[in-house]
Structures are given as structure tokens and as C-alpha cells.
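What follows is a short report on a single structure.
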Ligand code: F0G
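Residue numbers (my numbering): 31 to 487.
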């Protein structure tokens, strides 16, 4: 088979920023070992997130010029609404300025004390919005999803046995919603199978629990279903996507991922009563229901992006480019989540830096080392992001200590990715030199965004 090429050519470019290793050591120290506190013009290859960082197409930029900025009844909204209705089959569409705004609205309506939201794995902002409402978020990832180095086709699946047990224990009346995150971002960008979506829906339906999809990376998930699940090899992506959503009562979406947009999101659902409550809150917090915190031009860019993302040449290139990096790392013996996820590489920091205990945040230490060594910015998805304290202020660590290197869509070329693999492999060869970190300042929620750390000498 020939090389799978980038299915686009480049019309407009922007610079990347070179710094020396000595400069980066200082920059990292000044940023308190937190990649969120590093200025972007001091980063060479920015793999902090795939969110809002995509390259928009010439069609999307053309759509921007067509944006109808009317406060009410914008024609851009109706194009946006129809596109989402066609893709998902969900009749009610509510725009929001990004994914977490959709979550905030949904969970402030459905949440509250003594309620439980079950999921394969909730993303950090989703969990925070649930907990902020007073409710608890419960991750019920399947067994395969708990073992980074053991490959399996659908490591994002929800454990249905655990779901049944949880419902029996807590009572369906205390579970307002089940959330399936596709792909499972915090668990390695791993996909959820159609079979699992179907089974979860059946269990939820029996118990009267609605099921929503956190749909940020729906097209990447659909492509994995096509590649890996029996009976889907010959189905077009839009058909697979439609089937995925056919089992859902609704979805939350961040258009900053699989819609290639720099900003945007939405809620979609069947339930008119819930939608009315959402719209009422939307008007208070985001804006009128035909723009919901977005400009008309954003609605256009999202509608076009949602269609572009289902192109199979694009998805083949997308999934292959992540796998390409993953394979290089595996060949060099670097501990990495397997198989490759849909949008990112996840280094297993617990294994990579086995000399650093979890309460010295090996993931964050590895993020720092990649930056110093090669100007690459990644993010810790481990105990800094998800750790909690017990009553004695002792860390209750996260299940996994991962470092995510998220690949922005249509932005970096193969040689950028080759460079990234070279840096990771060099860091791996010198891993003993890397030291653990301690927190010197932190916020009570979502602490990883602003925490200040220092190196343990
Ligand atoms: N759900 C998932 C699975 C996500 O990955 C994100 C964002 C959100 C919800 C929230 O969407 O950012 O538009 O408010 N993930 C980004 C990331 C930030 O880096 O993975 P948002």
C-alpha cells in the first residue's frame, strides 16, 4: 500500500516558534511547570489540545463571509440546525459557545445533590459541571480500558455489568442521565462500539434513564466502528454516525473538535420539555436560541465542518497519522496507550517514569521534559487533573497517569510528527534524569489549569 497522504494542500501558513533549550528551562520554571501557563509563542509544536486548533478549510472561510449576524432568526442558524438534524436525527438543536456551556446548561437542570451521572468516562469539564451542581459523576469504563498497554478494539466501552450493578445499588430514580463519551478522551481517545452503544441504551431504556452522547469526536468514533466492528466495513460514515445517534436521547457537542471550528458547540435532543428548560437558561447565559453565544459566521463554519469531517479520505488520514506516531513509539519501546486513539497519543507516564511516585506527578514531570527537550507542549491526564485528597490531605491518585499529545486537525505535516517521535524517544533514553514535582498552589476545582508546581530536588 502507498503512503496515506494529507488529503489537502496548504493555502495559508503561520509560523512556528523556535527557542533554545536553555530558554525553555527558564520558561518552564517561570510557568511553574504548568504547560497552560506557557505563552504559545514559546511553543514549537503545540499538542496541548485538538480543541479549537484545527485548520479550517477554504470552504469554511468562505462560509464565514456568508454569516448572517441577525440577532433573531439568522439564516446561518437554520443551516446549522438542519445540518445537525440531518447528521444526528435529533430534532431539537440549541447552539452554545462551546461544549462546556452545553454541559453547564444540561447539568444545572438535571443535576443536584444525591444524584449520579454514569458514564464510560466523563471529561474533566463535564465532571466539574456535574460536581458543581452537587451531583456525583461515576466512570464505569470496561476492564480493557484500564490497561494502557494491552490493545483491544473498543477500549472506550462502558462496562454494562457494572452499570446494571450501579443502577441496582443507587436506584434508577437517582440517575438522571447516562453519558457516553465518544471517543473516550480521558481514557486514551479510545472508541465505543456500536454494540456497546446499543446495549447501554437498552439498559437505560429499561430503567427509564435517558442516554446522551458526548459527541465531540463522533466522526473519529464512527471511523473506528467502520474499521473494527463486524458488519460496518461497507457502510458509509454518515450512515454509521446516524445509527450511533439513533440510540441517543440527545447529545452535547464541542464543535472545536470534529467540526474543525475554532469555537462553538451545541445541545441536541428529542425531549421538548427539557429543551424548553435549556433554552430558558441559554437566554440567560449564552444568548438567544438562534445564536447561543456564537456569531452567525461561526454557525456557518460549524455546519460546513460537520459535513467535511465525515469524508473518508480525511478520516483515513486522520486515524492513520495518529497510528503512525504510535507505531514509531512502540518500536522504540516507549510505553504508550495501545492501540492508537483517534485524536491523540497517550504516553503511560507511570511506566515511562517508574522512578517517580504518583504523588510526585510523573505525568506533569514528563510534560515538562518534552517541552524542555523539544519545545513540544502536551498535557497531563492523570493525578494532577483527576486526583483528589482524602481527609488527611493524602492524594487519592487517578486510575491512569497519562500524558496526552493531542494532534490538531489538518495542522501539522508528517515531518512535524517525525520530529515529535524523535524528541519523545530521546527523552525516553534519558528518563532517569527527570525529577518529580510538588504542588505549591492550586484551585479547588479543575486545578490542573492553574496549579503552580516546583521541581523536587
Ligand atoms: N467533552 C469532551 C470529551 C472533551 O474532550 C471536551 C473538551 C469537552 C467535552 C468540553 O468542550 O472545550 O468546547 O468546552 N476537551 C478539550 C481537550 C478541552 O483538550 O480535550 P469545550
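All C-beta atoms, glycine included, are put in the ideal place defined by N, C-alpha and C.
Sorted by chain position, which residues of the same chain lie with C-beta nearer than 8 angstroms to residue 443's C-beta, five sequence neighbours on each side aside?
36
Would you kindly work out how many angstroms separate the C-alpha atoms of residue 89 and residue 231, rounded to a whole number?
36 angstroms
Answer with buried or exposed for residue 394, where buried requires no fewer than 16 other C-beta atoms within 10 angstroms of its C-beta.
buried
Taking C-alpha atoms, which residue in 255, 153 and 162 lies nearest to residue 139?
162
Smallest Cα separation from residue 285: which of 266, 269, 303 and 339?
339
Looking at C-beta atoms only, is the number of pairs between the segment 239-250 and the segment 197-210 that lie closer than 8 angstroms three or more?
yes
With DSSP as the reference, label residue 419 as helix, strand or coil.
strand
DSSP state of residue 64, grouped into three classes?
coil
For residue 32, write down the residues that DSSP places opposite it in a beta bridge.
Answer by DSSP bridge pairing: none, since residue 32 is not bridged.
Distance check for residue 320 and residue 314, CA to CA, integer angstroms please.
14 angstroms
Span of the beta strand (DSSP E), counted from its first residue to its last, around residue 283:
280-284
Among 316, 234 and 186, which has the Cα closest to the Cα of residue 129?
316
State buried or exposed for residue 226, treating a residue as buried only when at least 16 other CB atoms are found within 10 Å of its CB.
buried
Report the three-state DSSP secondary structure of residue 485 (helix, strand or coil).
strand
Exposed or buried, which one is residue 264 when buried takes at least 16 other CB atoms within 10 Å?
exposed
Using the three-state DSSP reduction, which class does residue 138 fall into: helix, strand or coil?
helix
Three or more C-beta pairs under 8 angstroms: does that hold for the segment 175-190 against the segment 144-154?
yes
Residue 323 and residue 97 - do their beta-carbons sit closer together than 9 angstroms?
no
Alpha-carbon to alpha-carbon, residue 455 and residue 361:
10 angstroms
Counting contacts by CB-CB distance shorter than 9 angstroms, is residue 154 in contact with chain E?
In the displayed structure, chain E is absent; only one protein chain is listed.
To which residues of the same chain is residue 283 closer than 6 angstroms at the C-beta, ignoring the five residues directly before and after it?
245, 295 and 296
With a threshold of 8 angstroms (Cβ to nearest heavy atom), would residue 348 be considered close to the ligand F0G?
no
Rounded C-beta distance between residue 373 and residue 436? I'm assuming under 8 angstroms.
6 angstroms
Enumerate in chain order the residues of its own chain whose CB-to-CB distance from residue 66 is below 6 angstroms, with the five nearest sequence positions on each side excluded.
479
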